[in-house]
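Let me begin by presenting the structure, written as structure tokens, before commenting on it.
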Amino acid sequence: MTALLEVRGISVSFDGFRAINNLSFEIADRELRAIIGPNGAGKTTFMDIVTGKTRPNEGQVLWGENSKSLLRMNESQIARAGIGRKFQRPTVFEDQTVAENLTMALSASRSPFSVLRWKPTQDSVTRVGELATEVGLGDQLGRKSGELSHGQKQWLEIGMLLAQEPRLLLVDEPAAGMTLAEREQTTTLLRNLAEKHAVVVVEHDMDFVRRLDCKVTVLHEGSVLAEGSLDHVTANPQVIEVYLGRG
Amino acid sequence: MRKPLVLRHPSILVFLGVLAVFTVAVTVLSAGYGTGAISTSMVKTLGKTLCLALAAVAMDLVWGYAGILSLGQMAFFALGGYMIGMWLMVARTEGIVAGSLANLPIPPTDAEISAAVATQIFGVVGSDKFPMIWAFSGSLWGQLALVVLVPGLLALVFGWLAFRSRVNGVYLSILTQAMTLALALYLFQNDSGLRGNNGLSGLQNIPGLDAVSQEKLSIWFLWASAVTLGLGYLLIAWVASGKFGSVTRAIRDDEARVRFLGYSVEGYKLVVFVLAAVVTAIAGALYYPQAGIINPAELAPIASIYLAVWVAIGGRGRLYGAAIGAIFVSMLSSWFTGGRAPDVNLGFYTIKWVDWWQVLLGLSFVLVTLLAPKGIAGLVDLFEGLRPPKRQGQPMGPDMGSLREKEAVE
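Here's what the structure looks like:
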């Protein structure tokens with residue numbers, strides 16, 4: 001099995017602090033993976049590097065069948081290559097409607113001039129409707145997304161990710177601030193997603209990770225501490241010491 | 001299948017309708033084509049105001065939609081004016097020179113006429129040759145092309161450098177100020193090739209139209225300005241609607257997020273900035289023939305700041321708001337500074353509006369920003385009964401849905 005994304009020996013430091021230290025990571029196509037780790041373990045920095053927001057001091061990030069390096073690309077090029085990212089805080093465009101948010105994310109040419117000429121078609125309208133229904137916002141299309149509840153904004157953002165049709169989804173703490181019912185719906189959503197896309201979920205809520213039932217990577221101080229099933233890693237004495245032991 | 005643009009946004013129709021009624025009304029009341037109730041100088045002021053309104057609409061696209069607070073827009077406006085002014089000056093001087101040389105026993109050659117024109121135009125800065133940049137000044141079409149090309153190119157280069165280095169917010173504003181100031185200082189020099197601080201003058205005399213009186217000419221320019229404002233408004237409304245407008249507003253609200261959607265933020269900003277510069281330059285090319293004179297003081301940073309103030313007072317993020325703001329504030333300003341506003345005698349002090357107008361303008365800018373961020377256009381919302389809910393306090397946290405502190409208590 002070849003890797004969809006391969007991260008090889010990356011390190012990055014901010015003002016002398018090594019946020020990521022010789023980290024290597026691989027994920028295959030259509031794989032669901034959870035990354036856990038205590039605060040400051042480098043989870044978010046890892047996502048920043050993959051999506052082009054932060055440049056590593058050393059190492060390689062390779063993408064796809066041709067092992068294309070992502071380090072020379074900027075954020076929007078990486079997004080167009082097929083990596084979608086969901087932030088911890090829901091970041092939707094609050095001034096615009098659910099439909100406008102989804103339409104913007106819809107997979108289509110991103111160049112300014114073709115967007116200028118773009119018109120909604122029967123297909124695009126249907127697709128936006130389907131996506132909204134998929135994330136449970138089918139009856140909210142005309143509402144400004146700023147009016148949605150926190151959980152609904154999270155789903156809208158996931159809907160926007162789906163609209164982008166990425167091959168890899170990076171999801172940062174999807175369950176943060178959700179009610180129990182919303183969490184369960186989110187778990188189902190993520191598991192369904194993993195049937196078509198590779199999904200990396202960063203989370204530090206153990207219950208949530210357990211429900212995802214997938215391979216887990218534990219980060220600590222910027223490198224991989226353990227990898228395997230949740231039961232396997234939670235049995236690891238090192239993991240217990242640095243992470244589970246605390247709380 | 002889809003309704004046309006003007007039906008999706010009825011405000012466009014209203015705007016164009018009001019503009020048409022206004023133009024017809026001024027024509028009927030003008031000295032050139034009607035009763036003469038409106039003086040020719042007033043007609044010119046109104047025509048110029050329409051050009052300023054177009055510049056404000058373009059400013060709104062850049063600031064209100066894309067979130068780029070450019071404080072150098074009037075540089076493009078003045079450049080447009082300079083480009084058309086070069087042709088106007090050369091063509092008119094040529095007519096005069098040819099007329100006076102025609103009486104000579106030997107008819108003058110083209111070279112002699114050209115030299116005489118150059119002496120006439122550049123004598124004031126101690127030169128008798130056309131500088132390089134006047135190469136196309138003999139051709140109306142050449143200079144019309146430059147009206148679009150020169151400001152467009154300046155905006156392209158400036159925007160590319162600034163956006164590519166991700167200069168944002170107040171730093172970008174300062175940079176645009178520096179651009180217009182630098183250009184103004186350069187043009188103030190006598191050897192800049194555009195007659196230094198003398199600028200270009202006599203632009204109100206249109207070559208070939210000597211037989212047409214200023215009364216009629218002023219109405220022609222009013223029509224041209226109104227048509228250009230209408231077309232420019234339509235163009236910008238089209239750009240600001242639909243998916244492009246959606247992406248542009250998204251860039252204003254959260255630039256980083258737009259990048260992760262795969263849009264090249266820099267490319268979009270550049271398209272918007274260059275388009276606005278070109279529209280502003282066309283507005284300037286219509287403004288200065290009505291003003292009659294242009295000099296480097298027109299590029300002073302304060303002019304561009306005024307433009308931003310008009311847009312803010314009118315209501316940014318709404319095209320008609322920007323146009324209303326420019327018309328309202330610039331007309332009010334010429335009323336106050338023209339000495340027509342009656343002085344207010346307080347007994348111990350007399351308020352002379354010529355001096356105090358600036359204070360009033362500054363104060364209303366601050367008040368509008370603080371109390372009515374939607375500006376004059378916000379009145380339209382009041383009229384339509386659209387009121388935003390009064391929401392106080394911080395959001396209460398994710399689980400409480402969209403309620404905020406005080407709402408939850410009530």
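So the sequence lines, in the order shown, correspond to chains B and E.
Everything in the first sequence is counted per full-length UniProt numbering, starting at 1 for the first residue and increasing by one.
Everything in the second sequence is counted per full-length UniProt numbering, starting at 1 for the first residue and increasing by one.
All residues carry an ideal CB built from backbone N, CA and C; glycine is no exception.
What you are looking at is a predicted structure, and each value in this text was computed from that prediction instead of being measured.
Query raised in the report: Which residues, taken in chain order from the region 51-82 of chain B, show a beta carbon closer than 7 Å to some beta carbon of chain E?
Result: Residues passing the 7 Å Cβ filter: T51, E75, S76, A79 and R80.
Query raised in the report: Which residues in the same chain have their Cβ closer than 7 Å to the Cβ of N197(E), if we skip the five residues on either side of it in sequence?
Result: In the same chain as N197(E), and ignoring 5 residues on each side of it, the C-beta atoms closer than 7 Å to its own belong to F188, N295 and P296, in chain order.
Query raised in the report: Hey, out of N190(E), T109(E) and M89(E), whose CA is closest to Q143(E)'s CA?
Result: The candidate whose alpha carbon is nearest that of Q143(E) is M89(E).
Query - Where K243(E) meets chain B, residues with beta-carbon distance less than 7 Å - result: Under the 7 Å cutoff, chain B gives T103, M104, V115 and W118.
Query raised in the report: If you draw a straight line from the C-alpha of P120(B) to the C-alpha of D381(E), how long is it?
Result: A straight line joining the alpha-carbon of P120(B) with that of D381(E) spans about 28 Å.
Query raised in the report: What is the DSSP secondary structure of E227(B), counted as helix, strand or coil?
Result: Assigned with DSSP and collapsed to three states, E227(B) falls in strand.
Query raised in the report: Which partner residues of L169(B) appear in the DSSP bridge assignment?
Result: In the DSSP output, where bridge partners are listed per residue, L169(B) has G84(B) and V199(B).
Query raised in the report: Shorter than 8 Å from the beta carbon of R249(E) to some beta carbon of chain B?
Result: Chain B contact via Cβ: present.
Query raised in the report: In three-state DSSP terms, what is A34(B)?
Result: Note: A34(B) maps to strand in three-state DSSP.
Query raised in the report: If you measure from the beta carbon of G267(E) to each beta carbon in chain B, is any gap under 8 Å?
Result: Taking 8 Å as the CB threshold, G267(E) lines the interface with chain B.
Requested in this report: Let me know if M1(E) comes out buried or exposed under the rule of 16 or more other beta-carbons within 10 Å of its beta-carbon.
Outcome: Low confidence applies here, because M1(E) scores a pLDDT of 48, under 50, leaving its location unreliable and the question unanswered by this model.
Report task. Find the residues of chain B that neighbour G262(E), judging by a C-beta separation of less than 7 Å, and give them in chain order. Result -> The contacting residues are S76, A79, R80, R110 and Q164.
**Report entry** Beta-carbon proximity list for Q177(E), same chain, < 7 Å, skipping 5 on both sides
**Finding:** Within the same chain, Q177(E) has close Cβ partners L71, G72 and P301.
Query raised in the report: Counting Cβ pairs closer than 8 Å, one from the region 169-176 of chain B and one from the region 185-198 of chain B, do we hit at least three?
Result: Three or more beta-carbon pairs drawn from the region 169-176 of chain B and the region 185-198 of chain B are found closer than 8 Å, and the two stretches are therefore classed as touching.
Query raised in the report: How many Å lie between T179(B) and I35(B) at the Cα?
Result: Cα-Cα distance, rounded: 22 Å.
Report task. Put E410(E) into one of helix, strand or coil per three-state DSSP. Result -> Bear in mind that a pLDDT of 46 at E410(E), under 50, signals an unreliable position, so the number given afterwards is only what the model happens to contain. DSSP places E410(E) in coil when its eight states are reduced to three.
**Report entry** Sufficient close CB pairs (3 or more, under 8 Å) joining the region 329-342 of chain E to the region 220-231 of chain E
**Finding:** Segments in contact, no.
**Report entry** Test item: CB-CB of A237(E) and I12(E) under 8 Å
**Finding:** Yes, Cβ-Cβ distance for A237(E) and I12(E) is below 8 Å.
Requested in this report: From the DSSP output, in three-state form, read off V61(B) for me.
Outcome: Note: V61(B) maps to strand in three-state DSSP.
Query - In DSSP terms, what E130(B) is bridged to - result: Per DSSP, none; premise fails for E130(B).
Report task. Work out the CA separation of A37(E) and P342(E) for me, nearest whole Å. Result -> Roughly 22 Å separates the two Cα atoms.
Query - N- and C-terminal bounds of the beta strand (DSSP E) containing E26(B) - result: Counting along the chain, the unbroken beta strand (DSSP E) around E26(B) starts and ends at F17 to A28.
Requested in this report: Helix, strand or coil for G247(B), going by three-state DSSP, please let me know.
Outcome: Note that G247(B) scores 45 on pLDDT, short of 50, meaning its location in the model is unreliable; the coordinates nonetheless yield the value given after this. Reduced to three states, the DSSP call for G247(B) is coil.
Requested in this report: Mind reading off the beta-carbon distance from V233(B) to V216(B)? Whole number of angstroms is fine, and I expect it under 8 Å.
Outcome: Confirmed, Cβ separation roughly 5 Å.
**Report entry** Which of helix, strand or coil DSSP assigns to L70(B)
**Finding:** Residue state, collapsed to three classes: coil.
Query - Cβ shell of M59(E) (< 6 Å), same chain only, five flanking positions each side left out - result: So the qualifying residues of the chain are Q73, L307 and V311.
Requested in this report: Out of S67(B), Q88(B) and T54(B), point me to the one whose CA is closest to E75(B)'s CA.
Outcome: When C-alpha distances from E75(B) are compared across S67(B), Q88(B) and T54(B), the shortest belongs to T54(B).
Query raised in the report: Per DSSP, K144(B) forms a beta bridge with which residues?
Result: Per the DSSP secondary-structure output, K144(B) pairs in a beta bridge with T97(B).
Report task. Give a yes or no on whether 8 Å exceeds the smallest Cβ distance from R143(B) to chain E. Result -> It does not; no Cβ of chain E falls within 8 Å.
Requested in this report: Could you check if S137(E) is buried or exposed, using at least 16 other CB atoms within 10 Å of its CB as the buried criterion?
Outcome: Classification of S137(E): buried, given that the 10 Å Cβ count is 16 or more.
Query raised in the report: Between the C-alpha atoms of residue 451(E) and D253(E), what's the straight-line distance to the nearest angstrom?
Result: Here chain E has residues from 1 to 410 only, and residue 451(E) is not among them.
Report task. Return the residue from the list S67(B), R18(B), G64(B) and E31(B) that minimises the CA-CA distance to K43(B). Result -> Of the listed residues, the one whose Cα sits closest to K43(B) is R18(B).
Query raised in the report: Taking any Cβ of chain B, which residues in the region 267-290 of chain E have a Cβ under 9 Å from it, in chain order?
Result: Residues passing the 9 Å Cβ filter: G267, Y268, L270, V271 and V272.
Query raised in the report: Would you say R8(E) reaches chain B, if we count a Cβ-Cβ gap shorter than 8 Å as a contact?
Result: No, its Cβ sits nowhere closer than 8 Å to a Cβ of chain B.
Query raised in the report: Looking only at C-alpha atoms, which of E6(B), T2(B), F25(B) and L5(B) sits nearest to G222(B)?
Result: Of the listed residues, the one whose Cα sits closest to G222(B) is F25(B).
Query raised in the report: Rounded to a whole number of angstroms, what is the C-alpha to C-alpha distance between Y287(E) and W134(E)?
Result: If I take the Cα positions, the gap works out to 21 Å.
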